[in-house]
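Enquirer: Have a look at this one before I ask anything.
Residue numbers (our numbering): -11 to 61.
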């Protein structure tokens, strides 16, 4: 079981809420969210970071009724 670190969750929430990461049509620019989260967290294990990131993105989409397939690697 992979528990998402609080620092990763906080960085994700900050990035997904940043107006610079939201497109004009209201959709999320996941590449920007990924970049901001990655820079804040500075992970030492990229595969594990992306497992956590994708789980957070899926949870965000589910909670906000967003029908996007987010898979960042």
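Every residue, glycine too, gets a C-beta built ideally from N, C-alpha and C.
1. Mind checking who residue 39 pairs with in its DSSP beta bridge?
2. Taking its Cβ as the centre, do 16 or more other Cβ atoms sit within 10 Å of residue 39, making it buried, or is it exposed?
3. In whole angstroms, what is the alpha-carbon distance linking residue 32 and residue 26?
4. With burial defined as no fewer than 16 other Cβ atoms inside 10 Å of the residue's Cβ, what is the status of residue -9: buried or exposed?
Expert: With the structure as the only source:
1. Looking up residue 39 in the chain shown gives position 51. DSSP lists no partner for residue 39.
2. The residue labelled residue 39 in the question sits at position 51 within the chain shown. Counting the other Cβ atoms within 10 Å of the Cβ of residue 39 gives fewer than 16, which makes it exposed.
3. Numbered from its first residue, the chain shown carries residue 32 at position 44. Numbered from its first residue, the chain shown carries residue 26 at position 38. Taking the straight line from one Cα to the other gives about 10 Å.
4. The residue labelled residue -9 in the question sits at position 3 within the chain shown. Under this definition residue -9 is an exposed residue.
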